[in-house]
Amino acid sequence: MAVHRGKSKIRFEMTNEDGDKIVLIFEGRISREKLMQVADLMELYGGLSESDRQEHYFEGSKLAKLARVISKYFPVTYFTSREAVEAYISEYREPISLSTTSTYLARLSERGFLERRRFGGVIRYRVIRRQPQIPDEERYTQRFESYDREF
């Protein structure tokens, strides 16, 4: 006698800042891996606004893991998507395709996490290190304070 398990069904709804809405209904055998892929999709769709350029990634998603690997293995150097794949596999001992990696690197570049440059026929990426912003008033105040100390 076969036991039939009921289908699982999950509904995701997301509205971005432009008011665009996406509804995704996932029905069938739902595994953790499939849920992480859906989370990656939702994250890729949503993006980050200009005013919210922090690293908001679903914990445990491939995108979050890739961002961590890049920060760890390539903190200041340029790297290719193939090198990112190798670092990811080395770190997590799980596969990630070159096409998925390339898509995620492009998204991270669009979001201001990576700099993207073409060197000949090769696209290379580098982590963008933001300099702390000092308001102009403080910048001038600091300059004059050091000037005053000298005399």
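Here our numbering is used: the first residue of the sequence shown is -2, the next is one more, and so on.
We put the beta carbon where it would ideally sit given N, CA and C, even for glycine.
May I ask you to list the residues that DSSP assigns as paired with Ile7? Looking up residue 7 in the sequence shown gives position 10. In the DSSP output, where bridge partners are listed per residue, Ile7 has Phe23.
Using three-state DSSP, classify Tyr122 as helix, strand or coil. Residue numbering aside, residue 122 sits at position 125 when the sequence shown is read from its first letter. Of the three classes helix, strand and coil, the one that applies to Tyr122 here is strand, per DSSP.
If we cut at 8 Å on Cβ distances, does Thr74 have a partner in chain C? Among the chains of the structure shown, chain C does not appear; only one protein chain is present.
Given a cut-off of 8 Å on the beta-carbon distance, is the pair Arg113 and Ile120 in contact? As a working note, residue 113 is residue 116 in the sequence shown. As a working note, residue 120 is residue 123 in the sequence shown. Going by C-beta atoms, Arg113 is nearer than 8 Å to Ile120.
How long is the line joining the alpha carbons of Ser175 and Leu38, rounded to whole angstroms? Nothing can be reported for residue 175, as the shown portion of the chain is limited to -2 through 148.
So does the region 71 to 84 actually touch the region 95 to 111, counting three or more Cβ pairs closer than 8 Å? Contact between the region 71 to 84 and the region 95 to 111 is established, with three or more Cβ pairs separated by less than 8 Å.
Nearest-angstrom Cα distance between Lys4 and Phe110? Within the sequence shown, residue 4 is the residue found at index 7, counting from 1. Within the sequence shown, residue 110 is the residue found at index 113, counting from 1. Spanning the two alpha carbons is a distance of roughly 39 Å.
Return yes when the Cβ of Leu63 is within less than 8 Å of the Cβ of Thr12, no when it is not. Position 15 of the sequence shown, counted from the start, is the residue given in the question as residue 12. Position 66 of the sequence shown, counted from the start, is the residue given in the question as residue 63. No. Outside cutoff.
Within the same chain, show all residues whose beta-carbon is closer than 8 Å to that of Ile27, passing over the 5 residues directly before and after it, in chain order. Indexing the sequence shown from 1 puts residue 27 at position 30. For Ile27, the CB contacts under 8 Å within the same chain, skipping 5 residues up- and downstream, are Ser5, Ile7 in chain order.
Among Lys59, Asp17, Asp15, which has the Cα closest to the Cα of Glu30? If you number the sequence shown from 1, residue 30 lands on position 33. Nearest of Lys59, Asp17, Asp15 to Glu30, Cα basis: Lys59.
DSSP-derived helix/strand/coil call for Arg113: Counted from its first residue, the sequence shown places residue 113 at position 116. In the structure shown, Arg113 sits in a strand (DSSP, three-state: E or B).
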